[in-house]
Amino acid sequence: QKEVEQNSGPLSVPEGAIASLNCTYSDRGSQSFFWYRQYSGKSPELIMSIYSNGDKEDGRFTAQLNKASQYVSLLIRDSQPSDSATYLCAVSGGKLIFGQGTTLQVKP
Amino acid sequence: GAGVSQSPRYKVAKRGQDVALRCDPISGHVSLFWYQQALGQGPEFLTYFQNEAQLDKSGLPSDRFFAERPEGSVSTLKIQRTQQEDSAVYLCASSPRLGGYTFGSGTRLTVV
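Written out as structure tokens, the structure is:
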């Protein structure tokens with residue numbers, strides 16, 4: 281079992297819809313959780329960090345953390361074609377471990 | 035500098051050649067990480083420094099891979115006797131003691 285698991289997708293949503301991206305992790309000692317966006321040929325860019333259970337909102341993005349279920353999610357409201365990218369879930373208990381990423385396609 | 039700087043951006047190496055990849059982190063960032071990213075995959079952890087101390091090198095795939103950060107700032111990832119399976123993008127990231135990790139643009143290594 282991989283330490284951080286994501287569905288590779290692609291996840292396809294129409295413009296204006298809510299995109300929901302999910303991630304599970306295996307290390308219960310993990311303390312910090314991140315979502316990165318990676319455009320093709322570019323390096324990962326941090327878009328959200330979350331450290332405690334519950335929701336954290338930043339603009340159109342909401343990160344959700346449930347440590348009991350070892351589950352992290354990212355919601356993107358009012359999805360735009362420019363949101364089309366690979367979204368990487370990353371978990372840290374010291375070193376940062378990434379999932380394989382979910383490819384999101386937002387169709388106009 | 036304002037961001038994490040990596041050089042070279044692209045490197046083509048003949049099989050068996052040694053290569054050195056450089057990472058210049060954000061000034062003052064204590065932690066520095068190296069990752070390897072194959073096409074279509076997430077970044078895979080290689081090694082981690084806190085200041086000049088290499089705290090974890092469990093991700094280095096073989097003893098051909100070596101990393102150093104002698105003064106707690108610039109880091110170099112060296113790959114000896116490169117093989118085709120070493121072809122990947124090598125990413126460096128730095129972070130302050132607490133907080134998110136900022137990535138450099140990466141070095142794309144192609145072994146021919």
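Heads up: the sequence lines are chains G and R, in that order. Oh and the first sequence: position 23 is 303 in the numbering used here, straight run, nothing missing. Oh and the second sequence: position 13 is 47 in the numbering used here, straight run, nothing missing. The beta carbon of each residue, even a glycine, is placed where N, CA and C say it ideally should be.
{"Item": "Across which residues does DSSP place L301 (chain G) in a beta bridge pair?", "Value": "G:L354"}
{"Item": "What separation, rounded to the nearest whole angstrom, lies between the Cα atoms of K387 (chain G) and Q88 (chain R)?", "Value": "45 Å"}
{"Item": "Mind checking the region 361-375 of chain G against chain R and listing, in chain order, the residues whose C-beta falls within less than 9 Å of any C-beta there?", "Value": "T366, L368, C369, A370, S372, G374, K375"}
{"Item": "Beta carbons nearer than 7 Å to chain G: which residues of the region 79-91 of chain R have them?", "Value": "F79, Y82, D90"}
{"Item": "Residues of chain R with CB under 9 Å from S310 (chain G), in chain order?", "Value": "Correct list: empty, because the minimum Cβ distance to chain R is about 14 Å."}
{"Item": "Could you tell me which chain G residues have their CB closer than 9 Å to the CB of F67 (chain R), listed as they occur along the chain?", "Value": "K375, L376"}
{"Item": "Give, in chain order, every residue of the region 107-127 of chain R whose Cβ lies closer than 7 Å to some Cβ of chain G.", "Value": "L125"}
{"Item": "When you compare each of R:R142, R:T141, R:S129 to F314 (chain G) by their alpha carbons, which one comes out closest?", "Value": "R:S129"}
{"Item": "Could you give the first and the last residue of the continuous beta strand (DSSP E) run that contains K387 (chain G)?", "Value": "382-387"}
{"Item": "Return the CA-CA distance between T383 (chain G) and G321 (chain G), expressed in angstroms with no decimal places.", "Value": "14 Å"}
{"Item": "Go through the region 321-352 of chain G residue by residue and report every complete run of the beta strand (DSSP E) that reaches 3 residues or more, in order.", "Value": "325-330, 334-338, 341-346"}
{"Item": "Secondary structure at D97 (chain R), three-state DSSP: helix, strand or coil?", "Value": "coil"}
{"Item": "Kindly indicate which three-state DSSP category E33 (chain R) falls into: helix, strand or coil?", "Value": "With chain R covering 35 to 146 only, the question about residue 33 (chain R) has no answer from this structure."}
{"Item": "For T141 (chain R) versus L66 (chain R), is the C-beta spacing smaller than 7 Å?", "Value": "no"}
{"Item": "So, at 6 Å on beta carbons, what are the nonlocal neighbours of D52 (chain R) in its own chain, with the 5 sequence-adjacent residues on each side left out?", "Value": "Q114"}
{"Item": "Would you report the Cα separation of I356 (chain G) and G339 (chain G), rounded to the nearest angstrom?", "Value": "9 Å"}
{"Item": "Quick check on DSSP: helix, strand or coil for P294 (chain G)?", "Value": "strand"}
{"Item": "Just to make sure I have the definition right: I need the residues of chain G whose C-beta is within less than 9 Å of the C-beta of Y135 (chain R). Which are they?", "Value": "F314, Y316, P324, L326, A370, S372, L376"}
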